[in-house]
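Residue numbers (our numbering): 431 to 1008.
Given below as structure tokens:
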């Protein structure tokens, strides 16, 4: 065994009160008994005092890293934060903020949250928390001071434009929701769009609310965007798939050496047009789900968007809907995470998330990409390796071994496992505008800071023109607001000040996309994150392709392709491509 594994077992077994003296009576193998003895020798004979907490934390973390890329150890102080994203809430005051020149600037207050109730406003600069100056503090440091147990008070000092002096607020912390639906809007009078960023406990409630809103606006066909969705709860993925497939359809099953096969099937729960549960017999027409045998020809067309950062639960969704011939999958090959982690809690409040099983799509595919004998370093390089050998640009740059061939359950199309979900329709990464200069402008925060400053300087003017708290104000902004050449030049000057060397050729290539991004960020500051996607998606090749497919019934049907005819197999080289 590796020394890290030995150290881990030494500490872990010691913590479980299996001592040096009774090791031989514990039923453990001789190797594990030797580890207990080694732990005893270290603790009682090492030249210096051993910090047992650090010893345990580091040993457990090292051991888990040696098993697979997704087993992990979370120290006590990080457990709460690690669980926030999946739980869907945290305790705090309810503001979104950005750091502008080392100052915390409130971008929005969450509706109904404590900060809004006491009068905190967008544009306020928070300068102290409980009397402590937070200017120049890191984001993490500020969050530690602002967040706290529900029901406790925090004193906030803000600077507000137009006020002669600082304003003082006492805010009682409360539960603050974390949203997993980033955007939901009608692309046109028939096609609805919903973007989901994670699979949390609240995701289905948010999805149903968004779905019902779009249904009332006349949605006939739907695009669900899972690009960048890193996953979350398996049961949430199962519930989402359940909205589109017949009752009792296989969605996913899990299995491991010590874990018997467990099947997750679509449930008979459903929601009516008002968001209430109702029995299957009462389902209404147009709700995207029927008991049918040929799902590819379903009148309610569905497209799922994925990319290389779509992982885990989002791959369950895409894989199930592909296996069941229910949706057209559009984009690029997904991440390839098919491992199930179970949390094991320790007495001190820390937590180990151990991989206990692999998950499989309805056709029997495991989408986990290889990791054995490669190590975490090579595993982490997988996405950059895909870029290096051209996969983001060329569909035929990936080969699938014949041994990993499967067929879909209705149309018996050829599909493959063993490394993510390959979309039915491949859309290459658009690099036309994505220049090195543009990446630096974004990466160094210049673009975002410019937009923050623009909104700060022009908030009153923008509100006077668009009255952004009124319904329909964003639509008017989207229709009439133009990022001028002067605005772009102001942003480029800030890039100069940030010592980003100008490249006129690259600026020319990125020019229009930078303008669109500026407009989208300004809208996001005023109306929320959803408007950012509504603007930026007009430039997205993936979204454009999805709309093209979903609007044309013939093209939609033809998009349920046989993967065998689309990709190379088992290392066969494409003679046309060097």
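Glycine is no exception: its CB is placed at the ideal position from the N, C-alpha and C atoms.
Residue j beta carbon less than 9 Å from that of residue i
i: residue 569; j: residue 585; result: no
i: residue 851; j: residue 991; result: no
i: residue 956; j: residue 880; result: no
i: residue 618; j: residue 871; result: no
i: residue 854; j: residue 760; result: yes
i: residue 530; j: residue 886; result: yes
i: residue 539; j: residue 525; result: yes
i: residue 668; j: residue 746; result: yes
i: residue 784; j: residue 501; result: yes
i: residue 661; j: residue 610; result: no
i: residue 572; j: residue 550; result: no
i: residue 764; j: residue 738; result: yes
i: residue 918; j: residue 948; result: yes
i: residue 654; j: residue 589; result: no
i: residue 613; j: residue 959; result: yes
i: residue 845; j: residue 838; result: yes
i: residue 674; j: residue 751; result: yes
i: residue 840; j: residue 936; result: no
i: residue 961; j: residue 911; result: no
i: residue 672; j: residue 697; result: yes
Backbone secondary structure at residue i - three-state DSSP
i: residue 864; result: coil
i: residue 917; result: helix
i: residue 955; result: helix
i: residue 554; result: coil
i: residue 474; result: helix
i: residue 856; result: strand
i: residue 947; result: helix
i: residue 618; result: coil
i: residue 1017; result: With the chain running from 431 to 1008 in the structure shown, residue 1017 is simply not present.
i: residue 613; result: strand
i: residue 596; result: coil
i: residue 675; result: coil
i: residue 523; result: coil
i: residue 830; result: strand
i: residue 605; result: strand
i: residue 659; result: coil
i: residue 966; result: helix
i: residue 684; result: strand
Integer Cβ distance of residue i from residue j, believed to fall under 8 Å
i: residue 651; j: residue 620; result: 6 Å
i: residue 865; j: residue 941; result: Not confirmed; about 10 Å, so no contact.
i: residue 975; j: residue 857; result: 5 Å
i: residue 664; j: residue 682; result: 7 Å
i: residue 792; j: residue 680; result: 4 Å
i: residue 795; j: residue 847; result: 3 Å
i: residue 587; j: residue 596; result: 5 Å
Beta-carbon contacts of residue i that lie in its chain and below 6 Å, excluding the five residues immediately before and after
i: residue 849; result: 766 and 799
i: residue 717; result: The pLDDT assigned to residue 717 is 48, lower than 50, so where the model puts this residue is not dependable, and the model offers no usable value.
i: residue 925; result: 871 and 876
i: residue 913; result: 945, 948 and 949
i: residue 762; result: 737 and 738
Residues of its chain near residue i, where Cβ-Cβ distance is below 7 Å and the 5 sequence neighbours each way are ignored
i: residue 721; result: Per-residue confidence for residue 721 stands at a pLDDT of 41, beneath the threshold of 50, marking its modelled position as unreliable; no derived number is given.
i: residue 565; result: 532, 533 and 557
i: residue 989; result: 758, 854, 855 and 979
i: residue 659; result: 626, 627, 628, 740 and 744
i: residue 884; result: 952
Cβ-based neighbour list, residue i, same chain, cut-off 8 Å, excluding 5 preceding and 5 following
i: residue 505; result: 487 and 780
i: residue 1015; result: Here the chain has residues from 431 to 1008 only, and residue 1015 is not among them.
Practice task
Kindly provide the ranges of any beta strand (DSSP E) runs that are 3 or more residues long and lie completely inside the region 722-810, ordered along the chain.
Solution key: 732-736, 758-761, 769-775 and 781-790
Problem - Every unbroken alpha helix (DSSP H) within the region 627-654, with a cutoff of 4 residues, ordered by chain - result: 633-646
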